[in-house]
Amino acid sequence: MATETEHGEIEGFGQVSRTVGTVFRYLLIAATMFGIVTLAVLLVYVANDAIRPLTAGPGWYLTYFFTLVVPTLLVGAYVRTRDRAAFSFGVFLIGLLVVSLMFSGGVGLLVVDVVPPLVALSFALGLAVPAAVAVVLTRNSHRISFTTRLVATSLAFYLSLFGLPGPIGDAAGLPQVVPSFVQFVQSIPVIPVDWMMVAAVVGGGSAAAVGAYVAGVRDARSGLYAGLAAFAVSVASAVVGPFVGLNPVPAVVVTAVALVPTSTYAWRGAFGEDGTPIGLGFAATVVGGALVGAAAVEAFGFAGPQSWVDWQFLTSSHSGSAVDAGLYPAIGGSILLMSTVAALSFPLGVGAAVYLEEYAPDNALTRFVDVNISNLAGVPSVVYGLLGLGVFVTYLGQSAGTVLVGGATLALLILPIVIISSREAIRSVPSDLRQASYGMGATRWQTVRNVVLPEAFPGILTGTILALGRAIGETAPLIMIGAPNVVFSLPTALNSKVSAMPLQVYAWSSLFASEDFYTKAVPAGVVVLLAVLLAMNSVAIVLRNKFERTG
Amino acid sequence: MSQQNTNESNARADSSPDPTDDEMLIQTDVSGSVSSSGGPSRRETVVSAENINVWYGDDQALQDITMDIPEKSVTAMVGPSGCGKSTFLRCINRMNDLIDSARVEGDLYLRGKNVYDDDVDPVALRRRVGMVFQKPNPFPKSIYENVTYGLKIQDKGGDYDEIVEESLKRAALWDEVKDQLDESGLDLSGGQQQRLCIARAIAPDPEVLLMDEPASALDPVATSQIEDLIEELAQDYTVVIVTHNMQQAARISDQTAVFLTGGELVEFDDTQKIFENPESQRVEDYITGKFG
Ligand SMILES: Nc1ncnc2c1ncn2[C@@H]1O[C@H](COP(=O)(O)OP(=O)(O)O)[C@@H](O)[C@H]1O
Ligand SMILES: [Mg+2]
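As you go down the protein sequences, you meet chains A and B in turn. Per our numbering, the first sequence runs over residues 112 to 662. Per our numbering, the second sequence runs over residues 70 to 361.
Right, here's the structure in full:
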């Protein structure tokens, strides 16, 4: 369309039509928005029913507006313009605090109502001692042969957990001669107070994690000091707790699981190398604002929203009246189910993925397995429920509806997803690195162990958490394996009956269907379920982002 | 590199045991090689290929390659791309075993032992042959862990700190990284990464160092650093380097093998001879840029 003069000079280039492209673009936007908006409307509707924000008085809103919203906006805008990285650090810190508080709730539930502190302590010690033996042996690996190490490590674990002759002896009818270390700890006549044992287990675990983290970013000595300090803080919280209205055990758990890790991260982000103290300032503004707001609302007596999601709902079990009904046994059930699912599906799934990616020859059988794993990922969950019922209950004779059967069934359900996402993570490890490793004379195992798995690990973890997110929302398989609709106490063993959050919500909306349950318990249950799901997914997303930045 | 390093390196190389008489006997007669001037080698042969043929599926990538690579020198392989230079390099440490479709026929002796004998474990073989790849590929681990990787997987004892220092010095990288050994190898520049890969390859003290176009992904400054380094390394190691850069081959190598399309070794001789007075017209055409 260019117009040229007779001398060959160009006077204009004309126009190219963009109409079709523009129409297409708006269609795409509409398609994208349709799904998001529909879902958002539904969520707002449910959240409105569950939390009932409109029942709060204007005083309540005004108080929070001035203590929380205004400072957050002002400080946030300031920090953001000054230093973007500081702003995202602050936001991340708040997220970390919220998510870790939720996790501490889960851990608290476990130590208060599921595992007696003495049992937890004995098993923690019973695992820590042989693990330490294994570490010492690995440190000296060049002096001790592999078989010796393997035998010594297995022996240490066996003695510590089972004693002599242990289950092998049971099978042969021999009496127990030497008690296991676990039994020994449990038989100590002087039993320490509960919170001391919880502090030892939970505080010890958190102190070890903090110590290892600090040792990684600084040096071993700082790591040791940080670990000791973290432990001291956890123990101290049990003493301080009662003064601020917390029992010692919850105080220890909240401190060890939420506060200590969050402050470690905050310290590093604010005062470590390239630290951004103003990011910490932003986080402090938000948290401080929320606390001041809560105190002010309390002092002035302003009524907050009459939310159905409240402490009572989170801590009580089902009841005939919707107002008194709670989700506690279902929350605990879901946590235990997820732990079982993770313990079963992670090793199986990662193992299968490593085999298929790194070892399997490219033959007809492998391709057959390949195709079928993709197919299995699409099989409806109710079919897995039937499988679980058939295999575990009918065939293996487990009793129906237990933690073990439910966990195993859900593990089967997400196994294909775990395998597929782990394979993807393994495949994304550059083949250059494998070449380098093989070129150095590494065996296949050494290459997998030293190069492939460490590189793929964040991706594998992300995929597994997202798959767990699918399992936590499943109802049909649990119904199929005969999980009870209503459970009034937390399961305390692998073979106790279990309920789960989605199952409880389903029961409220079917068995107990009434106006009351529809408008109170059901939306509240859905909101809690979604909150847990979001917390899990946020962990996965953070892991993935971190992975992408460094990878 | 300082003079002191070179002395250290020589000391280390001298202390390695001399090859036994057996091994010398197996040195093949140079008349089998393509070169007609009696072969380029006046030194002892380390790698000796006899009638190596390689196929990928049904496509032949190398045809009847016979050549003797002398020790402690730089042997360059040049030729147009796709002529099988990398394939030949991978025959020496049996990296071709990792490619499903690849099939190798013929014999290849490393210090007198045929690496294609049934009793040869390719993993054990690769522990005695270092390899550096075209694209720098340090592990996403610390510099220290990168250098000690070979020692660790071989369960080798010894003073790791000392070996790391010595290897990095030989790779002319020590002065640049000595204060950041705990930092990731990926934080280095491309040229530094490639020198790290060289340090990683020489840390376990291999017999032969294979390099597949080690400088082709680097800028000119880094390239000339690597070239200097290769000449330096040849005092202690047998270096076999693939390059498609004629000037590079002329600058750094002691002998040059010219491969041409179809996977044949057309001429193998002292570098000077190849570049000044090649026997074959095709080689002359290739070197003067008439084709290829
Ligand atoms: N992994 C492989 N699979 C199939 N064919 C290959 C493979 N690697 C190389 N080839 C083929 O072998 C021939 C020689 O390749 P290569 O040794 O990489 O050449 P050069 O390094 O000289 O460029 C080429 O034709 C190439 O297509
Ligand atoms: Mg090549």
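For glycine and all other residues, C-beta sits at the position ideal for the given N, C-alpha and C.
Check, Outcome
"Apply the 10 Å Cβ neighbour rule to residue 86 (chain A) and answer buried if 16 or more other Cβ atoms are within range, or exposed otherwise.", "Residue coverage of chain A in this structure runs from 112 to 662, which leaves residue 86 (chain A) outside it and unanswerable."
"Between the beta-carbon of residue 414 (chain A) and the beta-carbon of residue 166 (chain A), is there less than 9 Å?", "yes"
"When we look at the beta-carbon of residue 174 (chain B) and count the other beta-carbons within 10 Å, is it buried (16 or more) or exposed?", "exposed"
"Residues in its own chain within less than 7 Å of residue 171 (chain A) by CB, not counting five upstream and five downstream?", "408, 413, 414 and 415"
"Flag residue 549 (chain A) as yes if its beta-carbon sits less than 9 Å from any beta-carbon of chain B, otherwise no.", "yes"
"Can you tell me whether residue 306 (chain B) is buried or exposed, with buried defined as 16 or more other CB within 10 angstroms of its CB?", "buried"
"I'd like the list of long-range same chain contacts for residue 426 (chain A), defined as Cβ closer than 7 Å, with 5 residues on each side in sequence excluded.", "437 and 439"
"Taking the straight line between their C-alpha atoms, what separation do you get for residue 537 (chain A) and residue 465 (chain A)?", "7 Å"
"The alpha helix (DSSP H) that contains residue 175 (chain B), what's its start and end?", "That residue, residue 175 (chain B), is in no alpha helix (DSSP H); its beta strand (DSSP E) goes 171-179."
"Can you list, in chain order, the residues of the stretch 551-562 of chain A whose Cβ is nearer than 9 Å to any Cβ on chain B?", "551, 552, 553, 554, 555, 557, 558, 561 and 562"
"Taking the straight line between their C-alpha atoms, what separation do you get for residue 187 (chain B) and residue 325 (chain B)?", "31 Å"
"Which same chain residues, not among the five before or five after residue 104 (chain A), have their C-beta less than 7 Å away from its C-beta?", "Here chain A covers residues 112 to 662 and nothing more, so residue 104 (chain A) does not appear."
"Using alpha carbons as the reference points, say which of A:568, A:587 and A:632 lies closest to residue 655 (chain A).", "A:568"
"So does residue 150 (chain B) have its beta carbon nearer than 8 Å to some heavy atom of ligand 2?", "yes"
"Against residue 192 (chain B), what residues of chain A qualify as contacts under a CB-to-CB distance less than 7 Å, listed in chain order?", "552 and 554"
"Residues of the stretch 156-169 of chain B with a CB closer than 8 Å to any CB of chain A: list them in chain order, please.", "162, 164, 167 and 169"
"What does a CB cutoff of less than 8 Å around residue 196 (chain A) pick up in its chain, not counting 5 residues either side in sequence?", "387 and 390"
"Hey, out of B:115, B:236 and B:204, whose CA is closest to residue 218 (chain B)'s CA?", "B:236"
"Can you grab the Cα-Cα spacing for the pair residue 97 (chain B) / residue 333 (chain B), in whole Å?", "Model confidence at residue 97 (chain B) stands at a pLDDT of 38, short of 50, so the residue's coordinates are unreliable and nothing is read from them."
"Given a cut-off of 9 Å, decide if residue 152 (chain B) and residue 59 (chain B) are closer than it, judged by their beta-carbon atoms.", "The requested residue 59 (chain B) is not part of the displayed model; chain B covers only 70 to 361."
"Taking residue 543 (chain A) as the query, report the chain B residues whose CB atoms sit under 8 Å from its CB, ordered along the chain.", "202, 204 and 206"
"Are the CB atoms of residue 400 (chain A) and residue 264 (chain A) nearer to each other than 9 Å?", "no"
"With DSSP as the reference, identify every bridge partner of residue 182 (chain B), one or two as the case may be.", "B:179"
"Taking Cβ positions only, does residue 473 (chain A) come closer than 9 Å to chain B?", "yes"
"Going residue by residue through the stretch 409-442 of chain A, where are the continuous alpha helix (DSSP H) segments of at least 4 residues, counting only ones entirely within it?", "422-426"
"Just to confirm the assignment: which complete alpha helix (DSSP H) runs, minimum length 4, are found wholly within the stretch 349-377 of chain A?", "359-365"
"Can the beta-carbon of residue 249 (chain B) be found closer than 9 Å to that of residue 212 (chain B)?", "yes"
"Taking only beta-carbon atoms, is residue 539 (chain A) less than 9 Å away from chain B?", "no"
"For residue 606 (chain A), which residues in the same chain have their Cβ closer than 8 Å to its Cβ, ignoring the five residues on either side in sequence?", "509, 510, 513, 514 and 515"
"Between residue 282 (chain B) and residue 223 (chain B), how many whole angstroms is the CB-CB distance? I'm expecting something under 8 Å.", "Actually they are not in contact, since the Cβ atoms of residue 282 (chain B) and residue 223 (chain B) sit about 27 Å apart, beyond 8 Å."
"Report the neighbours of residue 125 (chain B) on chain A: residues whose CB is nearer than 7 Å to its CB, in chain order.", "Going along chain A, no residue has its Cβ under 7 Å from residue 125 (chain B), so there is no contact; the nearest lies around 15 Å."
"According to DSSP, what are the bridge partners of residue 333 (chain B)?", "B:132 and B:329"
"Using a Cβ-Cβ cutoff of less than 6 Å, which residues in the same chain neighbour residue 254 (chain B) once the five nearest sequence positions on both sides are dropped?", "207, 212, 215 and 265"
"Which chain A residues sit within Cβ distance under 9 Å of residue 347 (chain B)?", "Here the premise fails: no neighbours, minimum Cβ distance about 32 Å."
"So for residue 586 (chain A), helix, strand or coil by DSSP?", "coil"
"Opposite residue 211 (chain B) in the DSSP bridges: which residues?", "B:253"
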